[in-house]
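The structure appears below as structure tokens.
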Amino acid sequence: MKKVWLDTDIGGDIDDALCLAYLLRQPACEMVGISTVGGEVEQRAMIADSICKVAGRHIPIFAGADRQLLPSDLYPTPGGAVNLSIFPHDTHFRKNQAVDQLRAAIREHPHEISLVAIGHLTNIALLFSLDPEIPMLLKELSIMSGVFSEALERSLNMPQDNWNAWLDPHAAAIVYQANVQHVRTFGLNVTTKLVLEKQEKEDLFHTDVMKAVERFGSPWLENHPMTFHDPLVAACLFEPDLCDYQRGQIEVDFMHEEKLGMMSFRESVEGRHEIASAVDRTHFFEHYFSVVCG
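295 is the number that this note's numbering gives the last residue of the sequence shown; the numbers go up by one with no jumps.
Structure, rendered in structure tokens:
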């Protein structure tokens, strides 16, 4: 049984909700807590709480950092919040509560918590800066961020498409410089292979939990494909063989305006970081469906 804490910007791209649904249904997962990051963190916490309640689960949820580390005009809001009135949820959430709660949980369970970060890294950077011992007390840190493909970098709207690092590059730099024992990163080089067309799994949104996921993700799906970026991060906690990996060192650019948040990877057997380099698409979806729809 893994103790898992999920840090998420749920409420925009449907993949955060797809990831949460997986963790709630994964029998080997003990959800220690959930924290939200990004604009309107209280509403993001309400969305997470709605999905947990539909699943019949009572998970501690805390709203986190509402703004990036440095002043910025960027303030993403959760489009899925328009559907909050449909589902029961708590409304007591207050911003900037997550870091203290996450710190307490890691202190209470040293070397036991797997931290899954699928939003921009502001909460995690604040935590590491507040308590520099915390990185060494984590069991592992799994992150959805980066591109790690020259071809994709040329074809995508870079660096903005590297959203989780670009939105708060200083936070990303702090996190990747920290002394975490095991850091594994899943970039667009693998996650973009996990687009699912509706006809491939017509009954995906058949259960009550997945109906809630679909409803909160509906504003996103009106204009975007359904790509399982974040669910891959969670699934590989329990089925690491879904991906191949390379070991090396990641650096985040936080100095040059035209490259803010761009993440470079240098392969090295002595590196502290791992990146996913390939994914077995068929195996991933078979595993995801078996957990969420089984």
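We put the beta carbon where it would ideally sit given N, CA and C, even for glycine.
- One thing to note: GLN44 has its Cβ within 9 Å of the Cβ of ALA82.
- By the Cβ rule, the stretch 90 to 100 counts as touching the stretch 62 to 76, because three or more pairs are nearer than 8 Å.
- Annotation for ALA18: the continuous alpha helix (DSSP H) segment containing it runs 16 to 26.
- For ASP74, there is no enclosing alpha helix (DSSP H), as DSSP gives it neither H nor E.
- The residue from ARG68, ARG273, LEU70 with its alpha-carbon nearest to that of TYR246 is ARG273.
- A contact is defined here as three or more CB-CB pairs under 8 Å, and the stretch 252 to 262 meets this definition with respect to the stretch 156 to 168.
- Annotation: the continuous beta strand (DSSP E) that includes GLN247 extends over 244 to 253.
- Scanning the stretch 31 to 85 from its first residue to its last, the whole beta strand (DSSP E) runs of 3-plus residues come out as 62 to 64.
- Contact annotation: PHE290 and LEU153 have beta-carbon atoms that are not nearer than 9 Å.
- About 6 Å separates the beta carbons of ALA236 and HIS288, which is inside the 8 Å limit, making them a contact pair.
- The count of Cβ pairs closer than 8 Å, one atom from the stretch 168 to 187 and one from the stretch 116 to 123, reaches three, so the stretches are in contact.
- Within the same chain, Cβ atoms closer than 6 Å to the Cβ of ASP132 are found at ARG104, the five residues on either side in sequence being excluded.
- Non-local C-beta neighbours of VAL292 in its own chain, meaning closer than 7 Å and more than five positions away in sequence, comprise TYR23, ARG26, GLN27, ordered along the chain.
- By the C-beta density criterion, LEU70 is buried, having at least 16 other C-beta atoms within 10 angstroms.
- Taking 9 Å as the cut-off, the beta carbon of ASP242 is found closer than this to the beta carbon of ASP281.
- Contact between LEU21 and THR9 holds: their C-beta atoms lie close to 7 Å from each other, under 8 Å.
- Under DSSP, the beta-bridge partners assigned to PHE266 are ILE251.
- The three-state reading of DSSP puts LYS199 in helix, counting H, G and I together.
- THR186 sits in a strand when the DSSP states are folded into three classes.
- Annotation: ASP8 is outside any alpha helix (DSSP H); the continuous beta strand (DSSP E) that includes it extends over 3 to 9.
- Residue range 170 to 178 is occupied by the alpha helix (DSSP H) that includes HIS171.
- Put simply, the backbone Cα of GLU275 is about 11 Å away from that of LEU142.
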